[in-house]
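Trainee: Provided herewith is a single structure, encoded as structure tokens, for subsequent inquiry.
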Amino acid sequence: MSASILHKPQETPLLTVSPGAKKIFKAMYREQSGASAVLDDSVSRLAVSDLISKMSFYYEKIRNAVHYREEHLLRKDAIARIIKRQLLIESPIKLNGTDVNETARHLLVELIRAGYLPNNTLPETKIGEVAGIIEKYLLLRRLATSEAASSVNFFGAAASGAEFSGRIDLTNWLVGLAAAEIEELISPDEVSTTLVSVMYALLEKRLELPPSMSAYERELPIQLYLSIHRHLMKYDDEMLSLILMRYFHGEWKSADLETIKRISKNITALHKLIREELAHPLLSPLSRVVGGYTVYFNILKEVVSEDPVTVYDEFFDDPKAFPRRIKQACARRYASAKTKLWRSAWRSIIYILLTKSIFAVLLEIPAANLFGEIINPAILAINISMPAVLLFFAVAVTRLPGEDNTKRIIAGIEEIVFNEKQKTEPIVLRKAIGRNKVMNFIFGLIYTITFFISFGAIVWLLEAVNFSWVSTVIFLFFLAFVSFFIIRIRRGAKEWIVVESRDTIFRFILDFFSTPIVATGKWLSTKFSRINVFVFVLDFIIEAPFKIFVEIAEEWTKYVRERKEQI
């Protein structure tokens, strides 16, 4: 079967399959062949009670509802959260300190219970590999802060305020790197790795910098590599930081003691350098190019995954079948994007309701009583329902990509797959428009005026319908917050658009007056996410005893099973 992909002669010389496309077909075929392989019964695997695991599964659902994150990042974030809890809360109160093997075992077991990993599938050998990663970062952190104590206390004693803050920042960064490396270990993806490699090879040959950006010539390869992972793989900053860690220190993945000691001496400078690389001036110009090719590669992946052998054979037997498959895949993706948009909207509504609406109502009533305001039930209902109404309307009016977009995708995929379709002209990156201080001042002044006009008009309308100033403040808070969420969740539906939309006068006016509101919502989201009371309660008060209870319940079920077998 795979022979047709590997060795079939090019009987029809009209279009020849590119080497990169062949790599994708082979990787996809190997993945599907491996997925059907029977597990080796001689290998010990991590298993938990399905009944007890349901408690952890539903706990994760509740926790994720009050802490909005992208779905593809939930497992990686759960890894970081579990590591922090075990090392910051549980380890300091244990008399025997930290056992990294036990920490790794608990981590993997908790991931299985919470539904992030399949049950009775992961080999127990992964415990030692995960333990090695955790121990590596623990040692780096301990050496970086000159803590030679055998037990791990992340915060130490008698630290100044700046030192204390620095240790927390360093700890969070290293835990994030460890979580990213563990995520990579437990979910290797040959197909995605191949897609990254092929996209990089394709774009690396064509990308050029204009003379005004020639100073970034040396950074272009790594920034292209980061951009592909940022868009195609949807990596966040922590996962991208791991790539940069290995870029600057190629031996980090299998670092020995001497390597860790050497890196620890300059950890602060390294951390700063990585932050600068993540905010590089090439980020925006590359995103415009890589974003389009990400659509092509994702659609190609879906088409090939249907049946790698059949799709490959159709290149010779039915050349028109491939464009038809792409068109069908586009239609499915557009429909799926709409479904995902609605799902994200409901998640956002639940998140805002649980973390913001209840808090605002609890604040509005006493504030109104304190300042002698009359509580209007209708206005209170508007403030509570407004986020859901706005999100519903925003999703309802979101349009799916059209036929022109699909045609562009077909052309882009054929460029990847067929040698004859590949383009040779360079892609010159566009530099962000530079402005002098006078223009920046003028535009900043206009933006400030727009800010006051936008919010002032809303305040005037609310006063006209008898909103009190307390209700007005809460309404503006939710309007800004939800406006930012609308932009955020609609981004998922727009990720399949490769044809730039035409500007209209209505869109220009809407963007002109809504941008200050959205910017305010982004600022509020960033600030309030740091003081999420519900997440604090769940992570530091409820989670630790809850996990202990689940552990005891798990052991009890094993004990009962053993007694039953003895009988």
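Position in the sequence shown (from 1) plus 709 gives the number in the working numbering. All C-beta atoms in this analysis are idealised placements derived from N, C-alpha and C, irrespective of residue type, glycine included. Since we're looking at a predicted model, the values are computed, not measured.
Using the beta-carbon count (16 or more within 10 Å), is I842 buried or exposed?
Mentor: Here the question's residue 842 lines up with position 133 in the sequence shown. Flag for I842 reads buried.
Trainee: Could you name the residues of the same chain whose beta carbon sits closer than 6 Å to that of E769, not counting the 5 residues immediately before and after it, in chain order?
Mentor: Taking the first residue of the sequence shown as 1, we reach residue 769 at position 60. For E769, where only same-chain residues beyond five positions count, the Cβ hits under 6 Å are A823.
Trainee: Report all residues from its chain with a CB closer than 8 Å to the CB of Y909; omit the five preceding and five following residues, and keep chain order.
Mentor: Translated into the one-based positions of the sequence shown, residue 909 becomes position 200. So the qualifying residues of the chain are L933, Y934 and I937.
Trainee: To the nearest angstrom, report how far apart V907 and I1158 are at their CA atoms.
Mentor: Position 198 of the sequence shown, counting from 1, holds the residue named residue 907. Position 449 of the sequence shown, counting from 1, holds the residue named residue 1158. Distance between the alpha carbons of V907 and I1158: 48 Å.
Trainee: Applying the 10 Å Cβ sphere with the 16-neighbour rule, what's the burial state of H815?
Mentor: Position 106 of the sequence shown, counting from 1, holds the residue named residue 815. Classification for H815: buried.
Trainee: Is V905 near A736, with beta carbons less than 8 Å apart?
Mentor: Position 196 of the sequence shown holds residue 905. Position 27 of the sequence shown holds residue 736. No, Cβ-Cβ distance for V905 and A736 is not below 8 Å.
Trainee: Measuring CB atoms only, is the stretch 1196-1203 touching the stretch 1163-1172, in the sense that at least three cross pairs come out at less than 8 Å?
Mentor: No: fewer than three Cβ pairs fall under 8 Å.
Trainee: Can you tell which of L966, F957, S921 and D898 has the C-alpha that lies nearest to the C-alpha of A941?
Mentor: The residue labelled residue 941 in the question sits at position 232 within the sequence shown. The question names Ala, but residue 941 in the sequence shown is Leu. Among L966, F957, S921 and D898, the Cα nearest to that of L941 belongs to D898.
Trainee: Which residue spans inside the stretch 1110-1167 form an unbroken alpha helix (DSSP H) run of at least 4?
Mentor: The qualifying runs are 1112-1126.
Trainee: Restricting to Cα atoms, I'd like to know which of R955, E917 and T903 is closest to E890.
Mentor: In the sequence shown, residue 890 corresponds to position 181, counting from 1. For E890, the nearest C-alpha among the options comes from R955.
Trainee: Grouping DSSP H, G and I as helix and E and B as strand, with all else coil, what is P930?
Mentor: What you label residue 930 is simply residue 221 of the sequence shown in a count that begins at 1. P930: helix per DSSP, three-state reduction.
Trainee: Measuring straight from C-alpha to C-alpha, what distance separates E838 and I1118?
Mentor: Position 129 of the sequence shown, counting from 1, holds the residue named residue 838. Position 409 of the sequence shown, counting from 1, holds the residue named residue 1118. Cα to Cα, E838 sits roughly 41 Å from I1118.
Trainee: Going along the chain, which residues of its own chain have a beta-carbon closer than 6 Å to the beta-carbon of L724, five neighbours each way excluded?
Mentor: Locating residue 724 in the sequence shown gives position 15, where the first residue counts as 1. Correct list, in chain order: F1127 and E1129.
Trainee: Could you spell out the range, first to last residue, of the alpha helix (DSSP H) harbouring W1178?
Mentor: The sequence position of residue 1178 within the sequence shown is 469, counting from 1. Note, W1178: alpha helix (DSSP H), W1178 to K1203.
Trainee: Residues in its own chain within less than 6 Å of S973 by CB, not counting five upstream and five downstream?
Mentor: Here residue 973 refers to the residue found at position 264 when the sequence shown is read from its first residue. Excluding positions up to five away in sequence, the list reads L849, L852 and A853.
Trainee: Along the alpha helix (DSSP H) that carries I821, what are the first and last residues, could you check?
Mentor: For the purposes of this step, residue 821 is taken as residue 112 along the sequence shown, with counting starting at 1. Residues V809 to R822.
Trainee: Report the rounded CA-to-CA distance for W882 versus Q795, giving the unit in angstroms.
Mentor: The residue you call residue 882 lines up with position 173 of the sequence shown. The residue you call residue 795 lines up with position 86 of the sequence shown. Each residue's alpha carbon lies about 16 Å from the other.
Trainee: Tell me which residues share the same chain as K1047 and place their Cβ nearer than 7 Å to its Cβ, disregarding the 5 neighbours each side in the sequence.
Mentor: The sequence position of residue 1047 within the sequence shown is 338, counting from 1. Correct list, in chain order: L1109 and A1202.
Trainee: With contact counted as at least three CB pairs below 8 Å, one residue from each stretch, are the stretch 955-964 and the stretch 1019-1039 in contact?
Mentor: No, because fewer than three Cβ pairs between the stretch 955-964 and the stretch 1019-1039 fall closer than 8 Å, the two stretches do not touch.
Trainee: Going by other Cβ atoms of all chains shown within 10 Å of its Cβ, with 16 needed for buried, is I1155 buried or exposed?
Mentor: Translated into the one-based positions of the sequence shown, residue 1155 becomes position 446. With fewer than 16 Cβ atoms within 10 Å of its Cβ, I1155 is classed as exposed.
Trainee: State buried or exposed for S950, treating a residue as buried only when at least 16 other CB atoms are found within 10 Å of its CB.
Mentor: The residue you call residue 950 lines up with position 241 of the sequence shown. When all chains shown are included, S950 counts as buried.
Trainee: Since I believe V884 is in contact with A789 (beta carbons under 8 Å), could you give me their beta-carbon distance rounded to a whole number of angstroms?
Mentor: Residue mapping note: residue 789 aligns to position 80 of the sequence shown, counting from 1. Residue mapping note: residue 884 aligns to position 175 of the sequence shown, counting from 1. Confirmed, Cβ separation roughly 5 Å.
Trainee: Please report the straight-line C-alpha distance between A866 and S758, rounded to a whole angstrom.
Mentor: Indexing the sequence shown from 1 puts residue 866 at position 157. Indexing the sequence shown from 1 puts residue 758 at position 49. Note that A866 scores 44 on pLDDT, short of 50, meaning its location in the model is unreliable; the coordinates nonetheless yield the value given after this. Using only the alpha carbons, I get a separation of about 41 Å.
Trainee: Is it true that the stretch 1166-1186 meets the stretch 1034-1049, where meeting means three or more beta-carbon pairs spaced less than 8 Å apart?
Mentor: Too few Cβ pairs lie closer than 8 Å, so no.
Trainee: Grouping DSSP H, G and I as helix and E and B as strand, with all else coil, what is R754?
Mentor: Your numbering for residue 754 matches position 45 in the sequence shown. In the structure shown, R754 sits in a strand (DSSP, three-state: E or B).
Trainee: Between the Cα of P1028 and those of G1153, L826, F1006 and E1123, spot the shortest distance and give me the residue it belongs to.
Mentor: Position 319 of the sequence shown, counting from 1, holds the residue named residue 1028. It is E1123 whose Cα lies nearest to the Cα of P1028.
Trainee: Any beta carbon of chain B sitting closer than 8 Å to that of T1224?
Mentor: Absent from the structure is chain B; it holds one protein chain and no more.
Trainee: Going by DSSP in three states, V1208 sits in which element: helix, strand or coil?
Mentor: Residue numbering aside, residue 1208 sits at position 499 when the sequence shown is read from its first letter. Note: V1208 maps to coil in three-state DSSP.
Trainee: Going along the chain, which unbroken runs of the alpha helix (DSSP H) with 4 or more residues stay wholly within the stretch 960-1026?
Mentor: As far as the stretch 960-1026 is concerned, its whole alpha helix (DSSP H) runs of at least 4 residues are 966-974, 976-987, 992-1015 and 1017-1026.
Trainee: Using the Cα positions of L1170 and F1221, report the straight-line distance between them to the nearest angstrom.
Mentor: By 1-based counting over the sequence shown, the position of residue 1170 is 461. By 1-based counting over the sequence shown, the position of residue 1221 is 512. Looking at the two C-alpha atoms, the distance is approximately 19 Å.
Trainee: Here's a check: name, in chain order, each residue in its chain whose Cβ is nearer than 6 Å to the Cβ of G1121, leaving out the five neighbours to either side.
Mentor: Reading the sequence shown from its first residue, position 412 is the one you call residue 1121. Excluding sequence neighbours, G1121 sits near Y1005.
Trainee: When the Cα atoms are used, what is the spatial distance from R971 to A964?
Mentor: Counting from 1 along the sequence shown, the entry for residue 971 is found at position 262. Counting from 1 along the sequence shown, the entry for residue 964 is found at position 255. Roughly 10 Å between the two C-alpha positions.
Trainee: Out of curiosity, what's the CA-to-CA distance linking T1181 and R1216?
Mentor: Along the sequence shown, one-based indexing puts residue 1181 at 472. Along the sequence shown, one-based indexing puts residue 1216 at 507. Approximately 26 Å between the Cα atoms of the pair.
Trainee: Could you name the residues that DSSP lists as bridge partners for E917?
Mentor: Position 208 of the sequence shown holds residue 917. DSSP lists V1137 as partners of E917.
Trainee: For the candidate residues V809, F1031 and F1187, whose alpha-carbon lies nearest to that of I1091?
Mentor: Position 382 of the sequence shown, counted from the first residue, corresponds to residue 1091. With distances taken between Cα atoms, I1091 lies closest to F1187.
Trainee: Roughly how many whole angstroms lie between the Cα atoms of L1009 and I1136?
Mentor: For this step, residue 1009 is matched to residue 300 along the sequence shown. For this step, residue 1136 is matched to residue 427 along the sequence shown. When rounded, the distance between both Cα atoms is 21 Å.
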